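Worksheet for the structure shown next.
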Amino acid sequence: MKKHFYRITCVLAFAITLIISGCSTQKKPLIIPKIKTPNPIVNIKQVPEGPLEISIVSLQELDKLFDKYQYSSENWENGKWELPRITFEKVTDNWQKNSQKLPVETKKSFFFRLMAPLILMANENILGEREIVKYDSLNSPELKKVALKYRLIKNKKNRITATMRNMLLNKVDILPPSLALAQAAEESGWGTSRFAKEGNAFFGQWDFSGNGMKPKRQRKALGNYGVARFDSPLASVEGYMLNINTNNAYKKLRRVRAQLRDKNQKITGLKLVGTLNKYSERGQAYTEGLRKMIRYNKLQFIDNSYLADNRLIHLISGQE
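Below is the structure:
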């Protein structure tokens, strides 16, 4: 399944208040206009040995939650790089109704703060897999699971050699948060696309299995393709990273990333963005757009971020 960029600007809704659209350089205070909703209520449900589920019914409540954890995009710029562990349920119709009433900076702030923890969690899982690749024995069942996932072997009976271990290390590695955030914003129209709502699709990955979401203007010459759907926003991030780490179209990114590792240099979005010209039919124009977005929104600072040790918070859509 080859997945490519699918630019989307359809209007949509973000369940818990989120998504954003547009860009602005001037730093502005967070302004949330009044939205007609019932009295804001947050219902907290303790899930034994699981995430803390919080029902959000308004943008004001989401902002209060972020304030509780001192979670703001300004903190990234000021060297406060700890992010709370937060996931969210899905994109809903409420966002389409409310997003038009929000200042651009407010919408962007919500989008980045909701997506960033997902990216760090996906990277955290990848680093765990990388430890297996580095230190497990060559006949380790866990190593073979990773090799299967990253398409280095076709079945568990295949033998893994030391050379193959090195090949796997080039695949099993993180994606810079700044790059993933910029692509999520670009590919999902800041979370307003119908694909983001219908299938939690934030990265425009293609699906040739017949189960994808059909674009309104499907090009028959490209086959029976659709946009891949996912069970959750986090699954979409994980699918995006697996695509980058396995698809032949992104060998250059993996090569540059490995070179940075070998030189003990930091892996950043600005260093890798130029390798993604094959992600979109727009080629270099696409990568230049991502580069501008990273710099314009000062996303390079989030490449320093890490996850806090707080209990996982899972945001669900409240009733209006």
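156 is the number that numbering that gives the first Met the number 0 gives to position 157 of the sequence shown; each next residue is one higher, with no gaps. We treat Cβ as the ideally placed atom computed from N, Cα and C, and that holds for glycine. Model, not experiment: these values are computed from the prediction.
Taking 6 Å as the limit between beta carbons, can you name the residues of its chain near residue i, skipping five residues before and five after?
i, result
"Leu259", "Ile266"
"Leu51", "Arg310 and Ile312"
"Lys213", "Gly225"
"Leu101", "none"
Return no unless some Cβ of chain C is closer than 9 Å to the Cβ of residue i.
i, result
"Tyr239", "Within the model displayed, chain C is absent; a lone protein chain is all it includes."
I'd like to check one pair, residue j with residue i: are the Cβ atoms closer than 9 Å?
i, j, result
"Asn276", "Thr286", "yes"
"Asn210", "Pro232", "no"
"Ala227", "Gly238", "yes"
"Phe180", "Leu306", "A quick correction: the sequence has Leu, not Phe, at residue 180. No."
"Leu87", "Ile315", "Per the sequence presented here, residue 87 reads as Phe, with Leu not at that position. In contact: Phe87 and Ile315 (Cβ atoms closer than 9 Å)."
"Ile243", "Leu269", "no"
"Glu76", "Phe300", "yes"
"Arg158", "Val132", "no"
"Leu289", "Glu130", "no"
"Ile125", "Met240", "yes"
"Gly317", "Val56", "yes"
"Asn169", "Arg253", "yes"
"Val236", "Ala121", "yes"
"Trp205", "Phe110", "no"
Could you have a look at residue i and say whether DSSP puts it in helix, strand or coil?
i, result
"Asp62", "helix"
"Trp205", "strand"
"Lys265", "coil"
"Tyr305", "strand"
"Ile53", "strand"
"Val90", "coil"
"Ser98", "helix"
"Ser187", "coil"
"Ile152", "coil"
"Glu81", "strand"
"Ser192", "coil"
"Leu314", "strand"
"Gly273", "helix"
"Val255", "helix"
"Gly225", "strand"
"Cys9", "At Cys9, the pLDDT of 39 sits below 50, so the modelled position is not reliable; the number obtained from the coordinates is stated separately. Residue state, collapsed to three classes: coil."
"Gln69", "coil"
"Tyr249", "helix"
"Glu280", "coil"
"Arg158", "coil"
"Leu147", "helix"
"Ala181", "helix"
"Ile74", "Reading off the sequence shown, one finds Asn at residue 74, where the question assumed Ile. Three-state DSSP puts Asn74 in a helix."
With respect to the beta strand (DSSP E) encompassing residue i, which residues constitute its N-terminal and C-terminal limits?
i, result
"Thr86", "Ile85 to Phe87"
Assuming residue i and residue j form a contact by the criterion Cβ under 8 Å, report the distance between their Cβ atoms to the nearest whole angstrom.
i, j, result
"Leu119", "Leu82", "6 Å"
"Ser177", "Asp302", "5 Å"
"Asn97", "Leu58", "7 Å"
"Tyr149", "Thr245", "6 Å"
Keeping to the same chain, check which residues put their C-beta closer than 7 Å to that of residue i; ignore five residues upstream and five downstream.
i, result
"Glu128", "Val145 and Val171"
"Ala183", "Met114, Phe201 and Phe202"
"Gln283", "Asn276"
"Leu117", "Thr86, Pro232, Leu233 and Val236"
"Val46", "Unreliable placement is indicated for Val46, whose pLDDT of 42 sits below 50; no coordinate value is reported for it."
Within a Cβ cutoff of 8 Å, which residues of the same chain sit near residue i, ignoring the five residues on either side of it in sequence?
i, result
"Ser187", "Ile7, Ile18, Phe194, Ala195, Ala200, Phe201, Phe202 and Gly203"
"Ser136", "Leu142"
"Ala234", "Asn199"
"Ala257", "Leu168, Asn169 and Asp172"
"Val272", "Leu178, Ala181, Thr286, Leu289, Arg290 and Ile293"
"Pro140", "Lys155"
"Gln69", "Lys79"
For the alpha helix (DSSP H) containing residue i, name the first residue and the last one.
i, result
"Ala284", "Gln283 to Tyr295"
"Phe300", "Looking at the DSSP string, Phe300 is not in any alpha helix (DSSP H), and its letter there is neither H nor E."
"Gly238", "Pro232 to Thr245"
"Arg164", "Ala161 to Lys170"
"Asn210", "Where Asn210 is concerned, there is no enclosing alpha helix (DSSP H), given that its DSSP letter is neither H nor E."
"Glu130", "Val103 to Tyr134"
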